[in-house]
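Taking it in order: structure first as structure tokens, then the write-up.
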């Protein structure tokens, strides 16, 4: 179980870290990619606009050359433009014939066939900034119609290589990529401590809830860790735990006080009934014996309630207990009762076995097992008491040859005041195995009931073995599952 909880905790932390890392990356992707595309398109538009302004500046010189008023100055103007901007200009007449210009990547004839040039020859201004209609994606072409007195006399074409533009666009994308990488690195660096900060109060809550369910009603959660919402949850858990602990304490105190206060009246009642025996007629002696038996049964129930209240009183310190010595001592006491019934008690262990248990609890569990086994054991049968030990567990087993229990009866046998369908009137209180289970839980152990190989009942108390280091333990700190 601890391994499963550890795996679940790691899985939750991984999921939270993944979410914390993915969120900034998603934000950069959603916002950064459109921004980079918009900036790249804007750079292209700005270059197209600049080339269009330059083409309009050249249109006046082209108009003079095309109308025969300054043709000799056009080559110098185009050369100066090329030196100043790095662009290349070409002038066509109204019929699309080359007049003057610098060499572009295309020949004059190929340049005249471009859609943007053909549109300008029809009197339309356009450029190839729209990459969908650009026939030369590695070159920007701007064509400006040249008008003289409202008539088209030619076209000025400006060509511009896109090397600088591509460098600028790559720079934009590189900046976005660097920002995304920095966001990923920052989120990766901060995600682990942030996830631990968020999940730490959750782990404390889980641990406290498990301890509280195991019977440690003093389990509390620190209220100064984690986000504010989880701190409120921790405070709520602590308040709930305090309320439950207070009510359980009041209930246990009532049971203990009531049981203790009723013992004296019952003892007095028994004495009075015994004192009435000399004054009873012969036909009333049977009724008197039955009344005394009921008083004894009530006394047994009150004693059992007191024992149960002490068993559930909370965490108690454990100590090393020689289970074999306790078992031998209790068997010696019970043989005085079993020998007249011809029931044999046998112990199957001869080595020292140390268990970590609260003082006085192991012998009470053994007494409860023996009481149930001897009551149902047929004459001539044997009740076996065995000790089984491994590295972490000591098991005390009591196996009888009685009628046993069905699965449904074994499931309810540890319930308080439950008695089997074969129990006689006035026999037992139905608290024995419930007390044994509470005592076992107080020792971080458990009670197991199963069918014996010979058809009787196999009752087993599993306790924690005393560690070889000899370090003391505290009850109710660990919860061991049944194997």
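Residue numbers (my numbering): 1 to 483.
For every residue, glycine included, the Cβ atom is placed at its ideal position computed from N, Cα and C.
The model shown is predicted, which means the values in this text are computed figures rather than measured ones.
Counting only runs of 3+ residues, the beta strand (DSSP E) found wholly inside the region 141-207 occupies 151-161, in chain order.
If you check the CB distance, residue 40 and residue 172 come in under 9 Å. Residue range 98-101 is occupied by the beta strand (DSSP E) that includes residue 100.
Ranked by Cα distance from residue 183, the first of 22, 450, 371 and 119 is 22. Between the beta-carbon of residue 321 and that of residue 366 there is about 11 Å, and that puts the pair past the 8 Å contact cut.
The C-beta separation of residue 387 from residue 330 comes to about 13 Å, leaving the pair out of contact by the 8 Å criterion. Taking residue 81 as reference, the option from 346, 102, 385 and 279 with the minimal CA-CA separation is 102. Taking residue 77 as the centre and dropping the five residues before and after it, the same chain places the C-beta of 58 and 61 closer than 7 Å to its C-beta, in chain order. CA-CA distance, residue 108 to residue 92, rounds to 9 Å. Rounded to the nearest angstrom, the Cβ distance from residue 364 to residue 439 is 6 Å, consistent with a contact under 8 Å. By the C-beta density criterion, residue 446 is buried, having at least 16 other C-beta atoms within 10 angstroms.
Below 8 Å, enough C-beta pairs join the region 370-383 and the region 401-421 to call them touching: three or more. Proximity of the region 176-191 to the region 27-40 meets the contact definition, three or more beta-carbon pairs being nearer than 8 Å. With respect to the 9 Å criterion, residue 66 and residue 146 are classified as neighbours on the basis of their beta carbons.
Here DSSP, grouped into helix, strand and coil, assigns residue 93 to strand. Of the residues 198, 332 and 295, the one whose Cα lies closest to the Cα of residue 271 is 295. Three or more Cβ pairs drawn from the region 241-252 and the region 208-220 lie within less than 8 Å of each other, which places the two stretches in contact. Residue 434 is positioned such that its CB atom lies no closer than 9 Å to that of residue 407. Close CB contacts of residue 376 within its chain, under the 7 Å cut and outside five residues either way in sequence, are with 400, 402 and 403 (chain order). When the Cα atoms are used, residue 292 and residue 460 turn out to be separated by approximately 34 Å. Nearest to residue 88 by alpha-carbon distance, out of 111, 250, 437 and 444, is 111.
Excluding five sequence positions before and after residue 71, the CB atoms of its chain that fall closer than 6 Å to its own CB belong to 65, given in chain order. Residue state for residue 384 is assigned as strand, using DSSP reduced to three classes. Straight-line measurement puts the Cα of residue 441 at about 19 Å from the Cα of residue 418. In the structure shown, the three-state DSSP call for residue 279 is helix. Three or more Cβ pairs closer than 8 Å define a contact, and the region 195-203 meets that threshold against the region 213-232. The three-state reading of DSSP puts residue 61 in helix, counting H, G and I together.
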